Amino acid sequence: MSGVTRTPTHLTQGGATDAGIGASTLRPDGTLKVTGEFAYSSDLWHEDMLWGFTLRSTVAHAEIVSIDTSEALAQSGVYAVLTYDDLPTEVKNYGLEIQDTPVLAHGKVRHHGEPVALVAADHPETARRAAAKIKVEYAELPVVTDEASALAEGAPLVHENRDDHHISHVPHPNIVHRQPIVRGDAEAAARRADVIVTGEYVFGMQDQAFLGPESGLAVPAEDGGVDLYVATQWLHSDLRQIAPVLGLPEDKVRMTLSGVGGAFGGREDLSMQIHGCLLALRTGKPVKIVYNRFESFFGHVHRHPAKLWYEHGATKDGKLTHLKCRIVLDGGAYASASPAVVGNASSLSVGPYVVEDVDIEAIALYSNNPPCGAMRGFGAVQACFAYEAQMDKLAAKLGMDPVEFRQLNAMEQGTLLPTGQVVDSPAPVAELLRRVKAMPLPPENQWETTEGADVRALPGGLSNTTHGEDVVRGIGYAVGIKNVGFSEGFDDYSTARVRMEVVGGVPVATVHTAMAEVGQGGVTVHAQIARTELGVEQVTIHPADTRVGSAGSTSASRQTYVTGGAVKNTCEHVREQVLELGRRKFGTYHPAWATAELLLEGGKVVTDGGEVLADVADVLEDEAIDLELEWRHRPTEPFDLRTGQGNGHVQYSFAAHRAVVEVDTALGLVKVVELACAQDVGKALNPLSVVGQIQGGTTQGLGVAVMEEIIVDPKTAKVRNPSFTDYLIPTILDTPTIPVDVLELADEHAPYGLRGIGEAPTLSSTPAVLAAIRNATGLELNRTPVRPEHLTGT
Amino acid sequence: MRVKFTVNGREQQADDVWEGESLLYVLRERMGLPGSKNACEQGECGSCTVRLDGVPVCSCLVAAGQVEGREVVTVEGLADYAEQRAQHGGCATGACGSAGTSVDAAQRWQAKPAGADGQVRLSPVQQAFIDAGAVQCGFCTPGLLVAADELLERNAQPSDADIREALSGNLCRCTGYEKILDAVRLAAARGDAQTTGTGA
Amino acid sequence: MDFLRPGSWEEALAAKAEHPTAVPIAGGTDVMVEINFDHRRPEYLLDLNRVDDLREWEVGEETVRLGASVPYTQIMENLRAELPGLALASHTVASPQIRNRGGVGGNLGTASPAGDAHPALLASGGEVEAESVRGRRMIPIDAFYLGVKRNALEPDELIRAVHLPKADGPQQFSKVGTRNAMVIAVCAFGLALHPRTRTVRTGIGSAAPTPVRAKAAEEFLTAALEEGGFWESGRPIPPSVAKQFAELATGACNPIDDVRGSAKYRRHAVGIMARRTLGWTWESYRGNERSDRCA
């Protein structure tokens, strides 16, 4: 593209061939990222480009009586103002699974901050001023904000005339999806229980709070199409939703992944993609849209807030008898990933424990609250918070050690899930708990120094609230289970293109996938896989774009498994072709060509005994092997809509945490002193990245334990804290040391035996912190995040 | 309005600046220096941290007009800045350099692949961030680097508590900060080794 | 929008007189947030960065004259002995980057009840030096805060400095936030012992429409210390006195429920902070007394 600066670039990395899988090789994009040269989506620039701006609804639920754009259009410097009426085709909605989300509001807004109109202008301030001149008249409607108001008689329907495939099995049109899971006889089992504990738990709305706000650049092309540079999690899913709205065939919407400033699920849905393209196509000029932090809180879905009712029973010797639970997730105004969240929450509601008799129900509501969808660990996170609280309650009631109680009921390989699926790979739940408990505890009173109290080590930190007064330590444990990959029968495949050729006398490889590198280190791992499989040193990672097949989403802990698996698979086919070429050229010179297992190592063809047969450079000469192949993991099945039975999951990921906290019990302030984690990763393809993922996921779990919550006014359904001033995420002074113990028990079904790792640590971190706070304070604490008010009864 | 100031040792000028524009906007959109990041634009994340006359500040909260005639160092100039500091014994104002990127050059800029290791000059703290695994998505990295470099400039051997306090204005959402602490410790350790090596 | 760049204090006053709606900008840490988020579009921005003496301070015999734009970092580092309460408060302001830019003048100009400097200023006592082309006046800090984000400045006035008595006894500052750094106060409490006048002063932040003093608590404690001869004896303060001081501090609050905290919690927390800061300052006073006697 002429005129575009800072487009994504190829990442070429040298490295010894032992920088293959299992080595902590460094990021190929690391140098660009530390020099400020890495091209994030908000950094894109094009000569003659315009700035797009989105006018959003100021109310949560209203009829749009009128929209007057004339004054905005008349302002100098404004090139276009678009509303619903300007949409070019009959396709005016989009959505991940259910296409219920209007590109621009049509007659009605369903949540605070819904896009109503778009402006393109020559400067962001011009666009803002013009947007302020658009007159929108709203007639407010009553809001649906929770289960009671959603299901009340005569409740307003968030979506009238639903025709999606869930409507036939949900009991009310304000329920997106419902998944019961029934197995055994929970009622009868409850009668066998010696103790029964119940609890009602509340999980607040968490934001992904990725640091790079939504942004992108749409450039109109001469062929009538558009080139879109954007930060996303799944290029091809975006493409499938964008192209029909624009009325363009998919090959005329050319998408390239720009630098992504974090994602955590928040980029699974579209944000500015269609808007930018519409403005670019309308004006004939490149259009850049960059959300600010305020807008970002409205520009993506959040983690579903949830209410969870749990009843567990156990015999007096500590064996779980049954589980009854009901999980109500608030999906907000649009469906987004709600159906999948319901599937995860229900199927994993029992946690990593053996419980044979269950009666489970999970639903997601439609409401006028902000739309909720994917966020790290979705569905499983909320359930883990509840079942781990229940485990502690049960252990306390039985007078048992909470870790031993969990170990006694821990699932293992061969355990049957409540869905009837057998866990057919290692499930070292008891072992992870043992490991995390065995780690040395941090010293007491670390704030004490010869010069008095170091407040930085105390609850309240720099705010100087205590010098040790009323500070009590507590310790808590939690363990969780997360499914890896897309479940419930989804065709969860990935595509990889690999090219092997000789450059400058040495064989090199290029890996091209559409995988969204969002920070997780997929690009690092792809280069490692290519080195391992092809025996090359230099690997080039091609920018991710839609010129190659789909890589699926960078979510559900799946990318290393599925796109990593696709890269491995394509490399294996490339290698086979190299060897075939070698056999044709040199097979007659050495019998091993025909008889031995052959490998590519150090740029040579070698036998499994280590004998060198040829240089790859001599085999390939001027030829390039270039293959693009799809790869799939084992198929899954949908859950039965009545019983929840079915082999719905591919793989599981387990992590356990021990939290040590110090609580200022008078002020209700919490300092997390340490969050130790043990996790089974199957095989650590890059140990440095693995530990980084675990520590990062752990910290997001800490955040929602003690500070992170989007607060929605229950009367108006308006968001009250859409800023980094009032939506707080942990600073480095809030984050403790996070020792990590990595276990590697191979899953024989997965490439290299690996296990998806990104989400599991986010599950158990939160309940471990809550357990530690309960341990310190003796309070019941059934909601997260815990606020000072909850700890002080104020 | 017109604004003129020195960035990474080179005088820069921007015309037709709207009076409400921040230093961050001018750097990113007018001077071709998007290394400083726009993550919150309210001083609550530190991603836009630059040195203004040597002092780390959030460039999103400095009005462009306030920078007239002053010295700015951004992440793009950090390697030069650190090198000159090492050579000249701590020039903390940024006034001692003549290198830097012109607007033209910056706008023609194309990302270079990292290439064979060692082709790109890095400051010790930049190298340490790569080596320690302190970079994931990298959006917070430029601000953290500027803040961490300044910390090590005034405190060559910071304690963990010192590091945490100095970086408490820089949010990171990916790493959980552990590897960032590792990186600053590593840079401090290497910095010390260099000092010893030159007999200083 | 126009950007005014006075090169001197006199030019700044002239500009403010000519354009009374001009919004002064120094550290920018409040004003720029409002501009970035489109909450404010002033006709004029009046840049005070070029007025050098605003960033200077003078330590006199009795008082410190603190320029309005002296960054919090400088206060923390250089005025810990003279203005310990304000130095502690400065250390809790936002982040290092913000502390490098923001100063007391900005807190006073914005007059948000959540401004971190206010409780320390109220506890210290002092005067705000305000000036316009019409002349200079000293506004007692107690008379400065008029309402939510409203202060005693006239439209043509600018804050040049604050004049604060040098501490004659221990001072403390404590602030509750739900994060261990970079957090806006849920509520805050400042306490200064003034052994020379045998008085105590307090300041409460974020627990009323304006920063306020807990006057009943001050009067109670001043009387209790005097009557019990505590200033001379340096005896520990009885828990009953501390308790009543805390309760009276709580009583001075008139907070609201908002996203940062409940009114009930704010009252509760102010009481806890009052009790603790009293403990810390009194221990420090006793320690100094003891070492003075030894010396």
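Residue numbers (the numbering used here), protein chains in the order written: chain A, 53 to 846; chain B, 368 to 567; chain C, 26 to 320. We put the beta carbon where it would ideally sit given N, CA and C, even for glycine. On a predicted model such as this, the values are computed, not experimentally measured, just so you know.
Worksheet item: Taking 7 Å as the CB-CB limit, is B:A555 close to chain A?
Response: Along the second sequence, one-based indexing puts residue 555 of chain B at 188. With 7 Å as the cut-off, B:A555 does not count as an interface residue toward chain A.
Fill in: Per DSSP, cross-strand counterpart(s) of A:A173
Locating residue 173 of chain A in the first sequence gives position 121, where the first residue counts as 1. A:W103, A:V130, per the DSSP bridge assignment.
Fill in: Where B:C541 sits in the DSSP three-state scheme
Counted from its first residue, the second sequence places residue 541 of chain B at position 174. Coil, per DSSP.
Item to complete: Find the residues of chain C that neighbour B:S389, judging by a C-beta separation of less than 9 Å, and give them in chain order.
Response: Position 22 of the second sequence, counted from the start, is the residue given in the question as residue 389 of chain B. Per Cβ cutoff of 9 Å: G53, M57, I60, N61.
Worksheet item: Starting from A:E483 and walking both ways along the alpha helix (DSSP H), at which residues does that stretch end?
Response: Taking the first residue of the first sequence as position 1, residue 483 of chain A is located at position 431. First-last of the alpha helix (DSSP H) with A:E483: 481 to 490.
Fill in: Given A:D799 as reference, the closest of A:G755, A:T750, A:G734 once Cα atoms are compared
The sequence position of residue 799 of chain A within the first sequence is 747, counting from 1. Per the Cα distances, A:G734.
Practice prompt. Grab me the residues of A:D660's own chain with a C-beta within less than 8 Å of its C-beta, minus the 5 sequence neighbours each way, in chain order.
Written response: Looking up residue 660 of chain A in the first sequence gives position 608. These residues qualify, in order along the chain: A648, E649, L650, L651.
Discussion item. Taking 7 Å as the threshold (beta carbon to beta carbon), is C:L70 in contact with chain B?
Written reply: As a position in the third sequence, residue 70 of chain C is number 45, starting the count at 1. Yes, because at least one Cβ of chain B sits closer than 7 Å to the Cβ of C:L70.
Fill in: Proximal residues to A:W499 (C-beta, below 6 Å), its chain only, five neighbours per side dropped
Numbered from 1 along the first sequence, position 447 holds the residue referred to as residue 499 of chain A. The residues are A505, D506, A509, L510.
Worksheet item: Tell me which same chain residues have a C-beta within less than 8 Å of the C-beta of A:D692, skipping the five on either side of it?
Response: Position 640 of the first sequence, counting from 1, holds the residue named residue 692 of chain A. Contacts found: G698.
Discussion item. According to DSSP, simplified to helix, strand and coil, what is C:S157?
Written reply: As a position in the third sequence, residue 157 of chain C is number 132, starting the count at 1. In this structure, C:S157 counts as strand in the three-state DSSP scheme.
Worksheet item: What are the residues of the segment 121 to 132 of chain C that lie near chain B, defined by any Cβ-Cβ distance shorter than 7 Å?
Response: P121, Q122, I123, N125, R126
Item to complete: Count the other CB atoms, across all protein chains shown, that sit within 10 Å of the CB of A:N288; report buried if there are 16 or more and exposed otherwise.
Response: Counted from its first residue, the first sequence places residue 288 of chain A at position 236. The question names Asn, yet the displayed sequence has His at residue 288 of chain A. When all chains shown are included, A:H288 counts as buried.
Fill in: Beta carbon of A:C729 nearer than 7 Å to that of A:V771
As a first step, residue 729 of chain A must be located in the first sequence, where it is residue number 677. As a first step, residue 771 of chain A must be located in the first sequence, where it is residue number 719. It is not a contact, given that the beta carbons lie outside the stated cut-off.
Worksheet entry | Below-7 Å beta-carbon distance, C:S33 vs any chain B residue | Looking up residue 33 of chain C in the third sequence gives position 8. No - not a single Cβ of chain B is within 7 Å of the one on C:S33.
Worksheet item: With A:E266 and A:G351 assumed to form a contact (beta carbons below 8 Å), what rounded beta-carbon distance in angstroms separates them?
Response: Translated into positions along the first sequence, residue 266 of chain A becomes position 214. Translated into positions along the first sequence, residue 351 of chain A becomes position 299. Right, the Cβ-Cβ distance comes to about 5 Å (below 8 Å), so this counts as a contact.
Fill in: Ordered list of beta strand (DSSP E) runs contained in the segment 761 to 823 of chain A, each at least 3 residues
792 to 795
Worksheet item: Between B:M490 and the rest of its own chain, which residues show a CB-CB distance below 8 Å, the 5 nearest in sequence each way excluded?
Response: Along the second sequence, read from residue 1 onward, the residue named residue 490 of chain B stands at position 123. Before going further, note that residue 490 of chain B is Ser rather than Met in the sequence given. Taken in chain order, the residues that qualify are L445, A446, Y448, A449, E450, L512, D516.
Worksheet entry | Where A:H354 falls: helix, strand or coil (DSSP) | Residue numbering aside, residue 354 of chain A sits at position 302 when the first sequence is read from its first letter. Residue state, collapsed to three classes: strand.
Worksheet item: DSSP state of A:T373, grouped into three classes?
Response: Numbered from 1 along the first sequence, position 321 holds the residue referred to as residue 373 of chain A. Strand, per DSSP.
Discussion item. Any beta carbon from chain E within less than 7 Å of B:P401's own beta carbon?
Written reply: Absent here is chain E; the protein component of the structure consists of chains A, B and C.
Discussion item. Can you confirm whether the segment 86 to 94 of chain C touches the segment 122 to 135 of chain C when touching is taken to mean that 3 or more C-beta pairs between the two stretches lie within less than 8 Å?
Written reply: yes
Discussion item. Using beta carbons (cut-off 7 Å, strictly below), is C:I297 in contact with chain A?
Written reply: Translated into the one-based positions of the third sequence, residue 297 of chain C becomes position 272. At least one chain A Cβ lies under 7 Å of C:I297.
Worksheet item: So B:Q503 packs on B:T441, CB below 8 Å; how close in whole Å?
Response: The residue you call residue 503 of chain B lines up with position 136 of the second sequence. The residue you call residue 441 of chain B lines up with position 74 of the second sequence. Not confirmed; about 21 Å, so no contact.
Discussion item. Let me check understanding here. Comparing Cα to Cα, which of A:L633, A:V474, A:V838 lies closest to A:M257?
Written reply: Taking the first sequence and counting its residues from 1, the one referred to as residue 257 of chain A is at position 205. The shortest C-alpha separation from A:M257 is found at A:V838.
Worksheet item: When you compare only the Cα positions, how much space is there between C:R292 and A:A823?
Response: As a position in the third sequence, residue 292 of chain C is number 267, starting the count at 1. As a position in the first sequence, residue 823 of chain A is number 771, starting the count at 1. Going from the Cα of C:R292 to the Cα of A:A823 covers about 28 Å.
Worksheet item: For A:S54, which of helix, strand or coil comes out of DSSP?
Response: Counting from 1 along the first sequence, the entry for residue 54 of chain A is found at position 2. Residue confidence is low: A:S54 scores 46 on pLDDT, short of 50, so the model does not pin down where it sits. Its coordinate-derived value is still stated next. If DSSP states are grouped into helix, strand and coil, A:S54 belongs with coil.
Worksheet entry | Proximity test, A:I326 beta-carbon vs the ligand NAP heavy atom, cut-off 6 Å | In the structure shown, the ligand NAP is absent, as is every other ligand, since no ligand is present at all.
Discussion item. Against A:S850, what residues of chain C qualify as contacts under a CB-to-CB distance less than 7 Å, listed in chain order?
Written reply: Outside the shown range of chain A (53 to 846) lies residue 850 of chain A, about which nothing can therefore be said.
Worksheet item: Can you tell which of A:G587, A:V228, A:S539 has the C-alpha that lies nearest to the C-alpha of A:S388?
Response: Here residue 388 of chain A refers to the residue found at position 336 when the first sequence is read from its first residue. Closest by alpha carbon: A:V228.
Worksheet item: What number of angstroms, rounded off, separates the C-alpha of B:A466 from the C-alpha of B:E435?
Response: What you label residue 466 of chain B is simply residue 99 of the second sequence in a count that begins at 1. What you label residue 435 of chain B is simply residue 68 of the second sequence in a count that begins at 1. Per-residue confidence for B:A466 stands at a pLDDT of 40, beneath the threshold of 50, marking its modelled position as unreliable; the derived number appears in the next sentence. Rounded to whole angstroms, B:A466 to B:E435 spans 20 Å at the Cα level.
Worksheet entry | Anticipated Cβ contact below 8 Å, A:A568 with A:W361, distance rounded | Taking the first residue of the first sequence as 1, we reach residue 568 of chain A at position 516. Taking the first residue of the first sequence as 1, we reach residue 361 of chain A at position 309. At roughly 37 Å, the Cβ-Cβ gap does not stay under 8 Å, so A:A568 and A:W361 are not in contact.
Practice prompt. Let me know if A:D215 comes out buried or exposed under the rule of 16 or more other beta-carbons within 10 Å of its beta-carbon.
Written response: Here residue 215 of chain A refers to the residue found at position 163 of the first sequence. A:D215 comes out exposed.
Worksheet item: So, helix, strand or coil for B:Q380, using DSSP?
Response: Here residue 380 of chain B corresponds to residue number 13 of the second sequence, with the count starting at 1. Three-state result, B:Q380: strand.
Worksheet item: Counting only beta-carbon atoms, is C:A112 nearer than 7 Å to chain B?
Response: The residue given as residue 112 of chain C occupies position 87 in the third sequence. Judged by the 7 Å Cβ criterion, C:A112 is not in contact with chain B.
Discussion item. I want to see whether chain A comes within less than 7 Å of C:A242, judged by CB atoms only; does it?
Written reply: To locate residue 242 of chain C, count along the third sequence from 1; it is residue 217. Chain A contact via Cβ: absent.
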